[in-house]
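Novice: Please read through the structure below; I'll follow up with questions.
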Amino acid sequence: MPNRPETANAQDTRFLYELNAAFDRAAHDDDIRVIILAVNGKHFSSGHDLSEKDWHAARHDYPTIGSMCGFMCAGADAQMAREEEIYLGFSERWRNIPQPTIAAVQGKCIAGGLVLVWPCDLIIATADARFTDPTVSFGVGGVEFFNHLREVGVRKAKEILVTSDALSAQNARALGMVNQTVPRAQLGEAPLVMARKIAPKSRFAHKLAKKAIQGAQDARGPDVATQNAFHLHQLAHAHWLKLIRFSDGSDRSAGGDSHSIEDQT
Ligand code: ZN
């Protein structure tokens, strides 16, 4: 997969399209029985790259996967279309890859980092790994792939969102979000040990087992919940963009207090 360790693997548009292409190649290769998502560097991911300004240029190197507009549409439509594709859309595609997927996580995994690991079937983390969704601190109510309840339950989901506190690897394991915690020196080998147990078994049985489990999850209605959370997320973007636009106080018709947060979570 693409690596940007110099930025703590901040995810820009190119990074996400290349990661999606790597997942596609693996999913289409009948000889690949297990997929491991791992990155180089001290931290797994610092989240979405907030410094990226000219994402249109990178986007034109790749075909749009979804059926929304081409990201050049007006106003909130463009922001929503982009996030439907590269955040929510890619995560849902990766969740439905037929082969078992394993995420290997070290260091900090922040906001958009969760959007990479939550679609994976298994998560192996170093003992010093920390998982954080600080988006409420930026004025947004959670990342685009809103999987918090399914991963840690209602009470903990509310706690980590309203406090922006990090979830330790040990607590994440106790809550069922992480399968294994290992010393950092073993993060390279541990997913391979797991993969060697998985690989000899039937590829088709893996696909069916994943469909059975995810079908049970989806029967509880998470698609509706995820879409609802995503639309609230888009409302937050539109809200802050409107306040930023009028932050010089020249037009109070925008409503609310002026705000300087530049949000692209
Ligand atoms: Zn967003």
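Here my numbering is used: the sequence shown runs in plain steps of one and ends on residue 272.
Every residue gets a Cβ at the ideal spot worked out from N, C-alpha and C, and that includes glycine.
Output yes or no for whether 7 Å exceeds the beta carbon distance between M87 and Q224.
Specialist: Locating residue 87 in the sequence shown gives position 80, where the first residue counts as 1. Locating residue 224 in the sequence shown gives position 217, where the first residue counts as 1. Result no, Cβ atoms of M87 and Q224 do not sit closer than 7 Å.
Novice: Using a threshold of 6 Å, is the CB atom of E151 nearer than that to any non-hydrogen atom of the ligand ZN?
Specialist: Locating residue 151 in the sequence shown gives position 144, where the first residue counts as 1. Yes, the Cβ of E151 comes within 6 Å of a heavy atom of the ligand ZN.
Novice: Let's test the definition: count the other Cβ atoms within 10 Å of the Cβ of M79 and tell me whether it reaches 16, buried, or not, exposed.
Specialist: On the sequence shown, position 72 is the one that residue 79 refers to. Around the C-beta of M79, fewer than 16 other C-beta atoms lie within 10 Å, and the residue is accordingly described as exposed.
Novice: At what residues does the alpha helix (DSSP H) containing Q224 begin and finish?
Specialist: Counting from 1 along the sequence shown, the entry for residue 224 is found at position 217. Per DSSP, Q224 belongs to the alpha helix (DSSP H) from R210 to A226.
Novice: Do F153 and T233 have their C-beta atoms within less than 7 Å of each other?
Specialist: Within the sequence shown, the letter at position 146 stands for residue 153. Within the sequence shown, the letter at position 226 stands for residue 233. Cβ distance < 7 Å, so F153 and T233 count as in contact.
Novice: What are the start and end residues of the beta strand (DSSP E) that includes A110?
Specialist: In the sequence shown, counting from the first residue as 1, residue 110 sits at position 103. Element bounds for A110: T108 to V112.
Novice: Just verifying my parser: in three-state terms, what is the DSSP assignment at R259?
Specialist: Here residue 259 refers to the residue found at position 252 when the sequence shown is read from its first residue. Only weak support is given to the placement of R259: the predicted model assigns it a pLDDT of 38, under 50, and the value that follows is read from those uncertain coordinates. In the structure shown, R259 sits in a helix (DSSP, three-state: H, G or I).
Novice: Can you tell me where the beta strand (DSSP E) with R137 in it begins and where it stops?
Specialist: One-based indexing of the sequence shown puts residue 137 at position 130. Per DSSP, R137 belongs to the beta strand (DSSP E) from R137 to T139.
Novice: Once the 5 residues before and after E25 are set aside, which same chain residues still bring their CB inside 6 Å of it?
Specialist: Indexing the sequence shown from 1 puts residue 25 at position 18. The residues are P9.
Novice: Between which residues of its own chain and I42 is the CB-CB distance below 6 Å, once the five residues before and five after are set aside?
Specialist: Taking the first residue of the sequence shown as 1, we reach residue 42 at position 35. Here the set comprises A33, Q106 and T108.
Novice: Run the CB neighbour count on S257, radius 10 Å, all protein chains shown included, and call it buried at 16 or more, exposed below.
Specialist: The sequence position of residue 257 within the sequence shown is 250, counting from 1. Caution is warranted here: a pLDDT of 47 is assigned to S257, below 50, making its placement in the model unreliable, and the coordinate value is therefore given only provisionally. Classification of S257: exposed, given that the 10 Å Cβ count is below 16.
Novice: Over what stretch of residues does the alpha helix (DSSP H) that includes I131 continue unbroken?
Specialist: Within the sequence shown, numbered from 1, the residue matching residue 131 stands at position 124. Segment L129 to T133 is the beta strand (DSSP E) holding I131; no alpha helix (DSSP H) there.
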